[in-house]
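Structure record follows, encoded as structure tokens.
Number of protein chains: 4
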Amino acid sequence: MSDRDSGRGDAHLHRLVLFSDAVFAIAITLLAIEIHPPEHWHGAADLFGQMGPKLLSYAVSFAVIGVCWFSHRRVFSRLVRADGGLDFTNFLVLGLIGLLPLGTELLWEQRGGQALPIYVGQVALIGVAMGAVWGYAAFIGKLTEPMPAAEAWFIWLRVTLLPGLMCGLTMFSIVHPWGWALMALLVFGLSWLGRRIVRAPAKAA
Amino acid sequence: MSDRDSGRGDAHLHRLVLFSDAVFAIAITLLAIEIHPPEHWHGAADLFGQMGPKLLSYAVSFAVIGVCWFSHRRVFSRLVRADGGLDFTNFLVLGLIGLLPLGTELLWEQRGGQALPIYVGQVALIGVAMGAVWGYAAFIGKLTEPMPAAEAWFIWLRVTLLPGLMCGLTMFSIVHPWGWALMALLVFGLSWLGRRIVRAPAKAA
Amino acid sequence: MSDRDSGRGDAHLHRLVLFSDAVFAIAITLLAIEIHPPEHWHGAADLFGQMGPKLLSYAVSFAVIGVCWFSHRRVFSRLVRADGGLDFTNFLVLGLIGLLPLGTELLWEQRGGQALPIYVGQVALIGVAMGAVWGYAAFIGKLTEPMPAAEAWFIWLRVTLLPGLMCGLTMFSIVHPWGWALMALLVFGLSWLGRRIVRAPAKAA
Amino acid sequence: MSDRDSGRGDAHLHRLVLFSDAVFAIAITLLAIEIHPPEHWHGAADLFGQMGPKLLSYAVSFAVIGVCWFSHRRVFSRLVRADGGLDFTNFLVLGLIGLLPLGTELLWEQRGGQALPIYVGQVALIGVAMGAVWGYAAFIGKLTEPMPAAEAWFIWLRVTLLPGLMCGLTMFSIVHPWGWALMALLVFGLSWLGRRIVRAPAKAA
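Chains as they are written, first to last, in our numbering: chain S, 1 to 205; chain C, 1001 to 1205; chain G, 2001 to 2205; chain U, 3001 to 3205.
If you want it as structure tokens, here you go:
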């Protein structure tokens, strides 16, 4: 089938992107569905006090899905066609995204800090699955535009590690505020590294 | 990445619009998900009597999301490309839209009028976030088609203020019917102002 | 704004169709969300016996949304551009579609037949709203391809009456089986009439 | 209407695919919506121990929808236009897909094995509905690109039988591990057969 389809790889890729977008959009909107107003409240301060943990969890998970969508969009903007292997690895990502509303619920129900590492682990796993998408596309399925190996490996590293690291650092920084500096360092470092790796072949060419 | 992507800004913009549409569509459909028929009812009049507040809240929030979608569509119809900053500001809008089902529930559960200002505040915040989208796109990211500064500022003002003003005036008008006149004035005034500002440069050109 | 946008009417129309499709798709999928398996059951026969009314309501509402989507697709396939008025009338349709999961719940919870006329009324109202979409598009907004007035009026009639008539006749036919003959007559009659009206101007031309 | 629309079959087909994708995406994301964290848990091992059956059911149903989406995409990639009959048969598929969250709930609530055959039956029914889509498209509506009859029948067989067989074999293999060998045989056998049937006319041509 794959060779048959190759002439229409674009349509396949297009449909896969639309399908993924729909799953991202639904997961992000379902985050709020289990949040209900408290039974009794008096004034806005009391309301927000009572709903604080839920709204915070919502904001965190919204940001997580946002970062994942952003990463997904960037990965797919480098692809020129799709095949069954991409379908499969992409489904792993979507399956984990679909579980985020559940992870978010876990986050706001548990106060003892037990849920935190599980949540961060789930987000890190999304990164790993996204790395599998890119790894398959770049190294096995050859679905990308031509690019230097260094760039392909750099993208793989960024895609795989970023979600887990950013989420873990965010959680860490809430307790230890100097973690934010670490995060800024991470983001700018990766961005600087990315620019160097991307430019290098451009100079060589 | 942003300069790399610039040649495909359209694909990025297209995907962002589709993603936003999906979030709007899901939020608008989830509005009704917490509405259930009453346990006991006799005849249509009794049914609608009991469900009145919920159906009214549904109608109000449906109109709010409708207005926001309309505004979002108009803003994005003026853009020619997208970048990471647009992704980010747009996510703020979507995050607030995703909370509207919750705000709606708040609206129908509270009779004491405490929920009203919170709901209006949430809608006003959506306007502010939408203003951030347009402000970023027009003044920082330069993502729009070329347009006179006056027009860009007028759109920013309209986009930022309209949702909150319209929602607040609607609520106000339910108690003080002459508020509707104020609303009509607002809509027609803005429309007239918009036409003048848009025409002015056309004459000058 | 409308004249400004007119050059891009297609993009507007495209986005409106996608948005509507998403709402239809979500509403149709949410139909099943309140259906849960019974607490206790023994064997498939018992399970289906207990879940019968819910599955039947699901099937009816699925068919209703299917017919409405079909009708919506046909109406929009005749349009060449969109404007704010189309947005508005279309939102009326979507608002009623979004309430169908609620109507379906009403249908399966009430055995006394009280819910039936309310449900049929809701479906009939969707037809009326769809008629408003077509009426606006064809006679006020002039958004359609050029077509003879007879055809436009015929489409308006079909779009407005069909959902309510088909739904009412289906319910009627469950009790009085000869209602199915009436329904077949209605469908074939309208189809025959449609063909005559559409062909007439083709002959004249 | 059908002859009228024929010139725009592509737009119809496109809209039908988007609509189906949205339903698939929503159903797949709703799978997790009824999964909630347990009341009490201590440590990750306990949490996963308690949530095991639900997460396993989620994974199974996610894979089922994934396979169905894959199959749906392949079927529709062979179509060149759409008509009302395709709408209708496709709605049967979507209606069964929309019931999968319910089937999944059944799966994790029942331990006695009673739910298993019902679930497998539901998945097999999706295959049958998908076979109806392809059967209608290939043999009645003539909506496909030209292809040899042998290939059309082979696709029909694969599309009809695969979901039920794969799901049934997976369930069987959990109890009898040698079932996995049977499944591998099935997948590779069908793939080999498919290649032979597709190549044969290519050689003849």
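Glycine is no exception: its CB is placed at the ideal position from the N, C-alpha and C atoms. Owing to the predicted nature of the structure, the values given are computational and were not obtained by experimental measurement.
Min CB distance residue i to chain C below 9 angstroms
| i | result |
| --- | --- |
| residue 2073 (chain G) | no |
| residue 2093 (chain G) | no |
| residue 2084 (chain G) | yes |
| residue 154 (chain S) | no |
Neighbour flag for residue i against chain S, beta carbons, 9 angstroms
| i | result |
| --- | --- |
| residue 1098 (chain C) | yes |
| residue 3041 (chain U) | yes |
7 angstroms CB neighbourhood of residue i in its chain, flanking five on each side removed
| i | result |
| --- | --- |
| residue 65 (chain S) | 24, 27, 28, 97 and 100 |
| residue 1067 (chain C) | 1163 and 1166 |
| residue 3141 (chain U) | 3083, 3085 and 3086 |
| residue 69 (chain S) | 24 |
| residue 1010 (chain C) | 1081 |
| residue 3128 (chain U) | 3160 |
| residue 3014 (chain U) | none |
| residue 1102 (chain C) | none |
| residue 1180 (chain C) | 1173 |
| residue 206 (chain S) | This structure gives no information on residue 206 (chain S), because the portion of chain S shown stretches from 1 to 205. |
Chain S contact residues for residue i, given Cβ-Cβ distances below 7 angstroms
| i | result |
| --- | --- |
| residue 1023 (chain C) | 25, 28 and 29 |
| residue 3044 (chain U) | 118 |
Chain-ordered neighbours of residue i on chain C, where CB pairs are closer than 7 angstroms
| i | result |
| --- | --- |
| residue 2106 (chain G) | 1037 |
Under 8 angstroms by beta carbon: chain S residues contacting residue i
| i | result |
| --- | --- |
| residue 3033 (chain U) | 30, 33 and 101 |
Neighbourhood of residue i by C-beta, 6 angstroms cutoff - its chain only, sequence neighbours within 5 removed
| i | result |
| --- | --- |
| residue 2115 (chain G) | 2106 and 2107 |
| residue 197 (chain S) | 150, 151 and 154 |
| residue 2104 (chain G) | 2031, 2057 and 2061 |
Residue i at chain G interface by Cβ criterion, 9 angstroms
| i | result |
| --- | --- |
| residue 3088 (chain U) | yes |
| residue 3065 (chain U) | no |
| residue 1139 (chain C) | no |
| residue 1188 (chain C) | no |
Beta-carbon neighbours of residue i, restricted to chain U and to distances below 7 angstroms
| i | result |
| --- | --- |
| residue 122 (chain S) | Per Cβ cutoff of 7 angstroms: no residues; residue 122 (chain S) is ~11 angstroms from chain U at best. |
Chain G residues whose Cβ lies nearer than 8 angstroms to that of residue i
| i | result |
| --- | --- |
| residue 1017 (chain C) | 2015 |
| residue 1070 (chain C) | 2084 and 2087 |
Sequence-distant residues of its chain with Cβ nearer than 8 angstroms to residue i (five each side left out)
| i | result |
| --- | --- |
| residue 3144 (chain U) | 3078, 3079, 3080, 3137, 3138 and 3152 |
| residue 2075 (chain G) | 2130, 2133, 2134, 2137, 2155 and 2159 |
| residue 32 (chain S) | 58 |
Neighbouring residues, chain U, relative to residue i (Cβ below 9 angstroms)
| i | result |
| --- | --- |
| residue 2047 (chain G) | 3106, 3114, 3115 and 3118 |
Residue-chain proximity (residue i, chain U), Cβ-Cβ < 9 angstroms
| i | result |
| --- | --- |
| residue 2136 (chain G) | no |
| residue 109 (chain S) | yes |
| residue 2059 (chain G) | yes |
| residue 1 (chain S) | Residue placement at residue 1 (chain S) is flagged as unreliable, the pLDDT there being 37, under the threshold of 50; a coordinate-derived value is accordingly withheld. |
Contact list for residue i against chain U, beta-carbon separation under 8 angstroms
| i | result |
| --- | --- |
| residue 2172 (chain G) | Near residue 2172 (chain G) there are no residues of chain U at all, since even the closest Cβ is about 22 angstroms away, more than 8 angstroms. |
Below-9 angstroms beta-carbon distance, residue i vs any chain D residue
| i | result |
| --- | --- |
| residue 1049 (chain C) | Checking the listed chains, one finds no chain D in this structure; the protein chains it contains are S, C, G and U. |
**Request:** Report yes or no: do three or more beta-carbon pairs, one from the segment 1091-1110 of chain C and one from the segment 1157-1166 of chain C, lie closer than 8 angstroms?
**Result:** no
**Asked** If we count Cβ pairs, one from each stretch, closer than 8 angstroms, do we get three or more for the segment 2046-2061 of chain G versus the segment 2078-2094 of chain G?
**Response** no
**Asked** Should the segment 2085-2092 of chain G be called in touch with the segment 2117-2136 of chain G, which here means at least 3 C-beta pairs below 8 angstroms?
**Response** yes
**Request:** Answer yes if the segment 2040-2055 of chain G comes into contact with the segment 2119-2130 of chain G, meaning at least three C-beta pairs across the two stretches below 8 angstroms, and no otherwise.
**Result:** no
**Request:** Could I get the ranges of all uninterrupted beta strand (DSSP E) runs contained in the segment 109-158 of chain S, with 3 residues as the minimum, in chain order?
**Result:** none
**Message:** Quick check for students: name the residue ranges of the alpha helix (DSSP H) that lie wholly in the segment 3049-3120 of chain U, counting only runs of 4 or more.
**Reply:** 3084-3097 and 3100-3109
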